[in-house]
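Participant:
Chains as they are written, first to last, in UniProt numbering: chain A, 1 to 476; chain B, 1 to 107.
1. What residues in the region 276–300 of chain A have a beta carbon less than 7 Å from any beta carbon of chain B?
2. Anyone know if the C-beta pair for residue 14 of chain B and residue 101 of chain B falls short of 8 Å?
3. Using a C-beta to C-beta distance shorter than 7 Å, which residues of chain B count as neighbours of residue 97 of chain A?
4. What whole-angstrom Cβ distance do residue 457 of chain A and residue 428 of chain A have, given they're in contact under 8 Å?
5. Ignore the nearest five residues each way along the sequence and tell me which others in residue 110 of chain A's own chain have a CB closer than 6 Å to its CB.
6. For the beta strand (DSSP E) containing residue 26 of chain B, list its first residue and its last residue.
7. What is the DSSP secondary structure of residue 464 of chain A, counted as helix, strand or coil?
8. With a threshold of 16 other CB atoms inside 10 Å of the CB of residue 202 of chain A, please say whether the residue is buried or exposed.
9. Which class does residue 380 of chain A belong to by DSSP, given the choice of helix, strand or coil?
10. Give the single residue among A/402, A/450 and A/407 whose Cα lies nearest to the Cα of residue 421 of chain A.
11. Taking the beta carbon of residue 305 of chain A as the centre, do at least 16 other beta carbons fall within 10 Å, making it buried, or is it exposed?
12. If you measure beta-carbon to beta-carbon, which residues of the region 216–239 of chain A are closer than 8 Å to chain B?
13. Taking 8 Å as the threshold (C-beta atoms), are residue 106 of chain B and residue 256 of chain A in contact?
14. Using a beta-carbon distance cut-off of less than 7 Å, what residues from the region 429–458 of chain A approach chain B?
15. If you draw a straight line from the alpha carbon of residue 466 of chain A to that of residue 362 of chain A, how long is it in whole angstroms?
16. Please classify residue 47 of chain A: does DSSP put it in a helix, a strand, or coil?
17. Could you tell me which uninterrupted beta strand (DSSP E) segments, each at least 3 residues in length, are contained entirely in the region 100–186 of chain A, listed from first to last along the chain?
18. Could you spell out where the alpha helix (DSSP H) holding residue 21 of chain B opens and where it closes?
19. With DSSP collapsed to three states, give me the class of residue 196 of chain A.
20. Quick one: list the residues of chain B neighbouring residue 116 of chain A, beta-carbon separation under 8 Å, in chain order.
21. Do residue 368 of chain A and residue 245 of chain A have their C-beta atoms within less than 8 Å of each other?
22. Would you call residue 289 of chain A buried or exposed, if buried means 16 or more other Cβ atoms sit within 10 Å of its Cβ?
23. Runs of 3 residues minimum, wholly inside the region 290–341 of chain A: which ones carry the beta strand (DSSP E) assignment?
24. If you measure from the beta carbon of residue 209 of chain A to each beta carbon in chain B, is any gap under 8 Å?
25. Who does residue 71 of chain B pair with in a DSSP beta bridge?
26. With 16 as the cutoff for other CB atoms within 10 Å, does residue 117 of chain A come out buried or exposed?
27. Taking only three categories from DSSP, how would you classify residue 418 of chain A?
28. Measure the alpha-carbon distance for residue 34 of chain B versus residue 40 of chain B and round it to whole angstroms.
29. Which residue or residues does DSSP assign as beta-bridge partners of residue 81 of chain B?
30. Alpha carbon to alpha carbon, how far is residue 318 of chain A from residue 240 of chain A?
31. Taking residue 348 of chain A as the reference, give the member of A/207, A/396 and A/434 with the closest Cα.
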């Protein structure tokens, strides 16, 4: 027992001594470590010959990491990256083209990006305008876009132009940039942007899209002064006359697939990066325009991409030739009326007031017991009719009424039911009340009203049906 | 005296123009080699022919306006702007590809 107690005592005192020793060693280590850290610190503060400090690299260290994957592509390299950083680029339109274009251009590190748009974000934008989001509906598009882009790449300087480009502000806005992207959606802005780019010697990358098709052209590249045939053609060289206003279809009317316009916007970004990285923002001594081309994209064609050769600068082009007559003064003063030049479609107004009924009046026809004795013809395209239609209506798409034999005089169209009395009224309806008026006129021309039958349309179409009759109508 | 000889060509429509031509983008046509006067047929002749024979739609003005292809339509002969090839006077050759592109404006 005593022997055991004394060996336990010995062990306890040995442990205590060892712990004391361990504590001393830890203190020593801490002191050594602290000194090492101090020395290291002092070392790194010194300008040591043979080591290059951060300030001697042309980019920030973070930028080497951020852009490394594109910098090691031979077409870019450090030189290209520095050109991107030094460049300023203007995006006109923060919509279906402008959003994807801006994302890639900001991601690539273009130093200054300006965005022009006067619109606000709407729910119907969100399937394709990828910088905006559900929470940003109602916000200015330019602000929404910059918020997204700044979080993507804080190195870029963003400039907001919360207004539409106009002849009055075009010079002031565009002159501060090296290259312009036309991401707008109407001929008036396309001619204006091309003209100001010619006047200010800026290359222009123009794209457009509708339904499943897209088009891309690089214009005014190299951006030589007007009258120099070595410069690239402008929009007016390719399209000297604007299309008739009634042939211009917007995405709102014709529809657009998100990825289709997205592809075109991404291609614009690619062309911009190629142009900037290659140092082609301004013409080099003796440089001549290569062959101008237009890239066509059709989602449903095989192959989907097709490049076609375009003409060079037009000798008598209004904008880029010597004798053209376009000047900064004439543009800025507003003496060139782009809206007049391109024409405007005024709402169709061909029917007399008695040939039109209000949506609420039609609702009374429908539910007033006379429902059987009339026909409601919906002339929207089938794809729209399938989304929603008024009960009992028949669909006769406007386009099918354009055929040579679609409406022949004194011939009853097949879509009129056999059981419909010859004097029963026919009402026409469409989305907004334009096409329906044209069809009313046509039906009367072929004599469908000869038995005293009333033929008229629902004024302002299904838009009013929602307002006046059925608030649950799914407006698309 | 019109000859019976015909030449095969491909006519294509894009940018929405196909809607005027039964919704078909690609049309393989066999056109007479000579017009009624015995001259070689040209692209100008083809435009009239398409308007009169191939177009099922009444809206001719969406294709031809004041006797010319309407503004906003590019005509491409074998993938080159027809202005590089002599425009309407270009004489059609066997297997030519004539593409009519309506410019798009959406974005």
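The C-beta atom is built at its ideal place from N, Cα and C for all residues, glycine as well.
What you are looking at is a predicted structure, and each value in this text was computed from that prediction instead of being measured.
Facilitator: Straight from the coordinates:
1. Within the region 276–300 of chain A, the residues whose Cβ lies closer than 7 Å to any Cβ of chain B are, in chain order, 296 and 298.
2. Reading the second chain from its first residue, position 14 is the one you call residue 14 of chain B. Reading the second chain from its first residue, position 101 is the one you call residue 101 of chain B. In contact: residue 14 of chain B and residue 101 of chain B (Cβ atoms closer than 8 Å).
3. Counted from its first residue, the first chain places residue 97 of chain A at position 97. Neighbours of residue 97 of chain A on chain B, chain order: 107.
4. The count along the first chain starts at 1 and reaches residue 457 of chain A at position 457. The count along the first chain starts at 1 and reaches residue 428 of chain A at position 428. The Cβ separation is near 4 Å, so the contact holds.
5. To locate residue 110 of chain A, count along the first chain from 1; it is residue 110. Here the set comprises 84, 87 and 89.
6. Residue mapping note: residue 26 of chain B aligns to position 26 of the second chain, counting from 1. DSSP places residue 26 of chain B inside the beta strand (DSSP E), whose first and last residues are 26–32.
7. Taking the first residue of the first chain as position 1, residue 464 of chain A is located at position 464. Under the three-state reduction of DSSP output, residue 464 of chain A falls in the helix class.
8. Taking the first residue of the first chain as 1, we reach residue 202 of chain A at position 202. In the assembly as shown, residue 202 of chain A is a buried residue. Its beta-carbon has 16 or more other beta-carbons within 10 Å.
9. In the first chain, the residue the question calls residue 380 of chain A occupies position 380. In the structure shown, the three-state DSSP call for residue 380 of chain A is coil.
10. Locating residue 421 of chain A in the first chain gives position 421, counting from the first residue. When each option's Cα is compared against that of residue 421 of chain A, the closest is A/450.
11. The sequence position of residue 305 of chain A within the first chain is 305, counting from 1. That one is exposed.
12. Of all residues in the region 216–239 of chain A, 238 and 239 have a Cβ within less than 8 Å of some Cβ in chain B.
13. Residue 256 of chain A sits at position 256 when you count from the first residue of the first chain. Residue 106 of chain B sits at position 106 when you count from the first residue of the second chain. Yes, the Cβ-Cβ distance between residue 256 of chain A and residue 106 of chain B is below 8 Å.
14. Going along the region 429–458 of chain A in chain order, one finds no residue with a Cβ nearer than 7 Å to chain B.
15. As a first step, residue 466 of chain A is located in the first chain; it is residue number 466 there, counting from the start. As a first step, residue 362 of chain A is located in the first chain; it is residue number 362 there, counting from the start. So the two alpha carbons sit approximately 13 Å from each other.
16. Along the first chain, one-based indexing puts residue 47 of chain A at 47. Here residue 47 of chain A scores only 47 on pLDDT, less than 50, and its place in the model should not be relied on; the value that follows carries that caveat. Residue 47 of chain A falls in the coil class under three-state DSSP.
17. Counting only runs of 3 or more residues that sit fully inside the region 100–186 of chain A, the beta strand (DSSP E) segments are 112–116, 157–161 and 179–182, in chain order.
18. Numbered from 1 along the second chain, position 21 holds the residue referred to as residue 21 of chain B. Looking at the DSSP string, residue 21 of chain B is not in any alpha helix (DSSP H), and its letter there is neither H nor E.
19. As a first step, residue 196 of chain A is located in the first chain; it is residue number 196 there, counting from the start. In this structure, residue 196 of chain A counts as helix in the three-state DSSP scheme.
20. Mapped onto the first chain, residue 116 of chain A falls at position 116. Near residue 116 of chain A there are no residues of chain B at all, since even the closest Cβ is about 13 Å away, more than 8 Å.
21. Here residue 368 of chain A refers to the residue found at position 368 of the first chain. Here residue 245 of chain A refers to the residue found at position 245 of the first chain. Cβ distance not < 8 Å, so residue 368 of chain A and residue 245 of chain A don't count as in contact.
22. As a first step, residue 289 of chain A must be located in the first chain, where it is residue number 289. Under a 10 Å Cβ-count criterion, residue 289 of chain A is classified as buried, with 16 or more other Cβ atoms of the shown protein chains found around its own Cβ.
23. The qualifying runs are 293–298 and 305–309.
24. Here residue 209 of chain A refers to the residue found at position 209 of the first chain. With its beta carbon less than 8 Å from one in chain B, residue 209 of chain A belongs to the interface.
25. Against the second chain, residue 71 of chain B aligns to sequence position 71. Answer by DSSP bridge pairing: none, since residue 71 of chain B is not bridged.
26. By one-based count along the first chain, residue 117 of chain A stands at place 117. Label assigned to residue 117 of chain A: buried.
27. Position 418 of the first chain holds residue 418 of chain A. Of the three classes helix, strand and coil, the one that applies to residue 418 of chain A here is coil, per DSSP.
28. Numbered from its first residue, the second chain carries residue 34 of chain B at position 34. Numbered from its first residue, the second chain carries residue 40 of chain B at position 40. Those two C-alpha atoms are separated by around 5 Å.
29. For the purposes of this step, residue 81 of chain B is taken as the residue at position 81 of the second chain. B/76.
30. Against the first chain, residue 318 of chain A aligns to sequence position 318. Against the first chain, residue 240 of chain A aligns to sequence position 240. About 8 Å.
31. Taking the first residue of the first chain as position 1, residue 348 of chain A is located at position 348. Nearest to residue 348 of chain A by alpha-carbon distance, out of A/207, A/396 and A/434, is A/434.
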